[in-house]
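So the protein sequences, as listed, match chains A and B. For the first sequence, full-length UniProt numbering gives the first residue as 1, with consecutive numbering after it. For the second sequence, full-length UniProt numbering gives the first residue as 1, with consecutive numbering after it. Where is the CB? At the ideal position from N, CA and C, for every residue including glycine. All values derive from a computational prediction rather than experimental measurement. Have a look at the structure below, then the notes.
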Amino acid sequence: MPDTPILQVENLSKFFPVQRGLLRRTVGHVKAVNDVTFTVNKGECLGLVGESGCGKTTVARCLLRLVEPDQGRILLHGERQTFDIASASRKEMLDVRRQMQIIFQDPFSSLDPRWRVTDVIAEPLMAQKIGRGEAGRRVLDILPTVGLGPHFADRFPHELSGGERQRVSIARALIVSPPLVVADEPVSALDVSVRSQIINLLLDLQSQMNLTYVFIAHDLSIVKHISHRIAVMYLGRLVELGTTQQVFEECKHPYTKALLASVLVPDPTHREQSYVLEGEVPSPLNPPSGCHFSTRCPFAQEQCSAEEPDLRDMGDGHWVRCHFAEELDLSEEIFAPQFDTPTASN
Amino acid sequence: MPDSQPILEVHDLHVHFKMLAGIVRAVDGVDFTVERGRCLGIVGESGCGKSVTARSILRLLPSSDTRGQILYHPDGDDEPIDLVSLDAKGDAIRAIRGKDIAMIFQEPMTSLTPVYTIGEQIMESIRQHQDLSEEEAQNLAISMLNKVGIPDAERRFGDYPHQMSGGMRQRVMIAIALCCEPRVLIADEPTTALDVTIQAQILRLIRSLQQDMDMSVIMITHDLSVIAQLADFVVVMYLGQMAEKAPVVELFQDPKHPYTQALLRSIVRPDTPPREQLHSISGSVPDPRNAPSGCRFRNRCPSVHDRCVEDPPVVEFGPQHSATCWLYVDE
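Put into structure tokens, the structure is as follows:
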């Protein structure tokens, strides 16, 4: 796959003011997204991972301009022209939204309960000033693509199961044939047996319609399965970016390592891996000085709390934000065993 | 390793709710035994009845129609107590609830009251069951907070729940549950609302406390990875019925029920080839009011057969391994 960028995010920042007291004075800022830079290539799936509060959802919302970014550029390379989403006018945003759509996490709250499925799916077409008759035809065309029969068109969301609702959300995103889709935790609210159906559907649609995904999730095994490249965030900053292989097998940031080590393995004979990261994510209102991860990092040294590390290129498109990325030995041995392994006899 | 002595036995448990739309058979014929010092995992998807089973052990579902036996064996040679026969609001169950059998709920945000400090909430549970002075109770509460890994426990004692993070609140829930040194701890999705790094911390905490206090744990979850990491013995439930029960290694290596097999195949493992189609189970969990007759999994089952319209038999595969399925019965 030739690496043609479709989306370039440059130095994106979003600070939310924190106001206190009777006069609502601004006492500080939550740096939800702080100087984030990444590129998404055509046809790929970029996974965005991190713990709650790391800013991954805020990045998604900035990309769609559902919240206004404070700084930076978001360049969308459309078929005919390039838009800067961060500064686009209302009229330009109409074009942008034809090329970029979002699937939300919770299929129970992201569908209006008073609207029929057909109206939900057709809403982006209405926004694009497409007539009702044409819109209705296109809704009936897209239903089988997401695995729903035509009889679903006249149903209301409460008549659908979680998996069916998420299929409706996917249809709503795809109805304008956007080349780029942002999926914000699209499967976390679903039952285990339905989750794999939706993952399969997203994979199928990507190859059929040549889609590009920005896939946000906290479930690392799913992100690993679906993504070509992965970006790891911690407290508003990008700490590691690379191919799935680089991030999962050759990770160079201690936070990525800890995150990967805390994934539970679905195998009762392997109970020893889990390394447990001590402490919790610090408040984004008052993040630690220097490297934000220094307070929880097992390798932290003086330099870490004094100086903020830059995101540095380690070669082959592998970017790491750590002073000691070259020196650290993140091999398995340093991680203490957690549980005893049961034997087959019990 | 402790002897396999039962501490809790559930026999043929049925819990039905009368609704306007009809009777919901939330739990329909569940049998299992919890052994002393061991962890029993109950796994299933939403609506499978796992939480209802847990709550019925503590008699927290007074408006339901509960039948069957839940035998609790207290320490010593006393006769077992049938919890189902107790008055749900009576003194007998209140003496057991929170003292001998304690529970951690899924959502630490809603199960702590916002108007009392966490210290007061721990002390309430202590003084309900133990005859201690205010000061002794306070010391015990602070030592419990230390034990569950809350830093600076003396100061956090006066905090309100909203001043704490989700992981810290779940630790407080665990401290409340453990302050009377229960024999059985029921954990209902204790880590579902938490991040992966915090989940690993909480599971390690439950595991080490279980060993220190020689406590039995019932771990209720939808996550097979949690089961694989913690449980000794597993019950798989689907729509109120027990699909399969087995020791954990046997369940993962040799699942018998088509539902267990499909669930295990559908999860992403470290060695799953990237971007390939995952195995999936067709359809979705039906509304429990319209559950199919006979085997409730039959309209999603890849091995469905004519016989499945009738109630499936329990087939034994070993002393502790059984599945409720027609597949293993010759015609």
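Taking the C-alpha atoms as reference points, what is the distance between residue 150/A and residue 23/B? Your numbering for residue 150/A matches position 150 in the first sequence. Your numbering for residue 23/B matches position 23 in the second sequence. If you take the alpha carbons of residue 150/A and residue 23/B, they lie about 32 Å apart.
Identify each residue in the stretch 25-46 of chain A for which the Cβ-Cβ distance to at least one residue of chain B is less than 7 Å, and report them in chain order. Going along the stretch 25-46 of chain A in chain order, one finds no residue with a Cβ nearer than 7 Å to chain B.
Can you check DSSP and say which residues form a bridge with residue 39/B? To locate residue 39/B, count along the second sequence from 1; it is residue 39. Beta-bridge pairing links residue 39/B to 217/B.
Who pairs with residue 230/A in a beta bridge, going by DSSP? For the purposes of this step, residue 230/A is taken as the residue at position 230 of the first sequence. Beta bridge pairing from DSSP links residue 230/A with 47/A and 242/A.
Nearest candidate by alpha-carbon position, reference residue 5/B, set 74/B, 146/B and 26/B: Looking up residue 5/B in the second sequence gives position 5. Nearest option by C-alpha distance: 74/B.
Once the 5 residues before and after residue 158/A are set aside, which same chain residues still bring their CB inside 8 Å of it? In the first sequence, residue 158/A corresponds to position 158, counting from 1. Cβ neighbours of residue 158/A beyond the five flanking positions: 113.
Between residue 125/B and the rest of its own chain, which residues show a CB-CB distance below 6 Å, the 5 nearest in sequence each way excluded? Within the second sequence, residue 125/B is the residue found at index 125, counting from 1. Correct list, in chain order: 98, 176 and 179.
Does the contact criterion of 3 or more C-beta pairs under 8 Å hold for the stretch 274-283 of chain B versus the stretch 29-45 of chain B? Pairwise C-beta distances place the stretch 274-283 of chain B out of contact with the stretch 29-45 of chain B, as fewer than three of them are shorter than 8 Å.
4-residue-minimum alpha helix (DSSP H) runs that sit fully inside the stretch 189-217 of chain B, ordered along the chain: For the stretch 189-217 of chain B, whole alpha helix (DSSP H) runs of length 4 or above, ordered along the chain, are 196-213.
Could you have a look at residue 219/A and say whether DSSP puts it in helix, strand or coil? Position 219 of the first sequence, counted from the start, is the residue given in the question as residue 219/A. Reduced to three states, the DSSP call for residue 219/A is coil.
Rounded to whole angstroms, what is the Cα-Cα separation between residue 200/B and residue 276/A? The count along the second sequence starts at 1 and reaches residue 200/B at position 200. The count along the first sequence starts at 1 and reaches residue 276/A at position 276. Note on geometry: alpha-carbon atoms of residue 200/B and residue 276/A lie some 6 Å from one another.
Test item: CB-CB of residue 149/B and residue 205/B under 9 Å: What you label residue 149/B is simply residue 149 of the second sequence in a count that begins at 1. What you label residue 205/B is simply residue 205 of the second sequence in a count that begins at 1. Yes, the Cβ-Cβ distance between residue 149/B and residue 205/B is below 9 Å.
Under 7 Å by beta carbon: chain B residues contacting residue 280/A: What you label residue 280/A is simply residue 280 of the first sequence in a count that begins at 1. Within chain B, the residues whose beta carbon sits less than 7 Å from that of residue 280/A are 165, 167 and 198, listed in sequence order.
First and last residue of the beta strand (DSSP E) that includes residue 247/B? Here residue 247/B refers to the residue found at position 247 when the second sequence is read from its first residue. Annotation: the continuous beta strand (DSSP E) that includes residue 247/B extends over 241-247.
Would you mind stating whether residue 222/B and residue 236/B have Cβ atoms separated by less than 9 Å? By 1-based counting over the second sequence, the position of residue 222/B is 222. By 1-based counting over the second sequence, the position of residue 236/B is 236. Not a contact, by the Cβ cut-off of 9 Å.
Indicate whether residue 345/B and residue 13/B have their beta-carbon atoms separated by less than 9 Å. Residue 345/B is absent from the structure shown; chain B starts at 1 and stops at 331.
Buried or exposed: which applies to residue 173/B, given that a residue is buried once 16 or more other Cβ atoms fall within 10 Å of its Cβ? Counted from its first residue, the second sequence places residue 173/B at position 173. With 16 or more other CB atoms across the displayed protein chains lying within 10 angstroms of its CB, residue 173/B is buried.
Assign residue 219/B to one of two classes, buried (16 or more other C-beta atoms within 10 Å of its C-beta) or exposed (fewer than that). In the second sequence, residue 219/B corresponds to position 219, counting from 1. So residue 219/B counts as buried.
Burial state of residue 18/B (16 or more Cβ within 10 Å): Taking the second sequence and counting its residues from 1, the one referred to as residue 18/B is at position 18. If you draw a 10 Å sphere on the C-beta of residue 18/B, you find fewer than 16 other C-beta atoms in it, and that means exposed.
By alpha-carbon positions, which one of 117/A, 129/A and 201/A ends up nearest to residue 147/A? Along the first sequence, one-based indexing puts residue 147/A at 147. For residue 147/A, the nearest C-alpha among the options comes from 201/A.
Work out the CA separation of residue 191/A and residue 86/A for me, nearest whole Å. Sequence index remark: in the first sequence, residue 86/A carries index 86 (1-based). Sequence index remark: in the first sequence, residue 191/A carries index 191 (1-based). The straight-line gap from Cα to Cα measures roughly 36 Å.
Taking one C-beta from the stretch 274-293 of chain A and one from the stretch 245-252 of chain B each time, how about it: are there three or more such pairs within less than 8 Å? Contact check between the stretch 274-293 of chain A and the stretch 245-252 of chain B: fewer than three CB pairs, one atom from each, fall below 8 Å, which does not count as touching.
Could you check if residue 105/A is buried or exposed, using at least 16 other CB atoms within 10 Å of its CB as the buried criterion? For this step, residue 105/A is matched to residue 105 along the first sequence. By the neighbour-count rule (16 or more Cβ atoms within 10 Å), residue 105/A is buried.
State the DSSP-derived secondary structure class of residue 104/A, mapped to helix, strand or coil. What you label residue 104/A is simply residue 104 of the first sequence in a count that begins at 1. Coil at residue 104/A, not helix or strand.
Just to make sure I have the definition right: I need the residues of chain A whose C-beta is within less than 7 Å of the C-beta of residue 263/B. Which are they? The count along the second sequence starts at 1 and reaches residue 263/B at position 263. Ordered by position in chain A, the residues that pass the 7 Å Cβ test against residue 263/B are 192 and 193.
Only counting the same chain, and skipping five residues up and downstream in sequence, which positions put a Cβ closer than 8 Å to that of residue 133/A? Here residue 133/A refers to the residue found at position 133 when the first sequence is read from its first residue. Same-chain partners within the cutoff: there are none.
Would DSSP call residue 312/B helix, strand or coil? In the second sequence, counting from the first residue as 1, residue 312/B sits at position 312. Reduced to three states, the DSSP call for residue 312/B is coil.
How about residue 353/A: is its C-beta nearer than 9 Å to some C-beta of chain B? Because chain A is modelled from 1 through 346, residue 353/A falls outside the range shown and cannot be assessed.
Whether or not the stretch 292-305 of chain B and the stretch 208-216 of chain A are in contact is what I'm after, with contact meaning three or more pairs of Cβ atoms, one per stretch, closer than 8 Å; do they touch? Too few Cβ pairs lie closer than 8 Å, so no.
Contact list for residue 277/B against chain A, beta-carbon separation under 9 Å: Here residue 277/B refers to the residue found at position 277 when the second sequence is read from its first residue. For residue 277/B, the chain A residues whose C-beta falls within less than 9 Å of its own C-beta are 196, 199, 200, 203 and 204, listed in chain order.
Taking its Cβ as the centre, do 16 or more other Cβ atoms sit within 10 Å of residue 255/A, making it buried, or is it exposed? Position 255 of the first sequence, counted from the first residue, corresponds to residue 255/A. With 16 or more Cβ atoms within 10 Å of its Cβ, residue 255/A is classed as buried.
Any C-beta of chain B sitting closer than 9 Å to the C-beta of residue 318/A? One-based indexing of the first sequence puts residue 318/A at position 318. Not one chain B Cβ lies under 9 Å of residue 318/A.
Along the chain, where does the alpha helix (DSSP H) that runs through residue 21/B open and close? Residue 21/B sits at position 21 when you count from the first residue of the second sequence. For residue 21/B, no alpha helix (DSSP H) encloses it, and the DSSP letter there is neither H nor E.
DSSP has residue 73/A in a bridge; who is on the other side? Sequence index remark: in the first sequence, residue 73/A carries index 73 (1-based). As a beta-bridge residue in DSSP terms, residue 73/A pairs with 10/A.
Under a CB-based cut-off of 9 Å, is residue 113/A close to chain B? Counted from its first residue, the first sequence places residue 113/A at position 113. No - not a single Cβ of chain B is within 9 Å of the one on residue 113/A.
Less than 9 Å between the beta carbons of residue 178/A and residue 81/A, yes or no? Taking the first residue of the first sequence as position 1, residue 178/A is located at position 178. Taking the first residue of the first sequence as position 1, residue 81/A is located at position 81. Going by C-beta atoms, residue 178/A is not nearer than 9 Å to residue 81/A.
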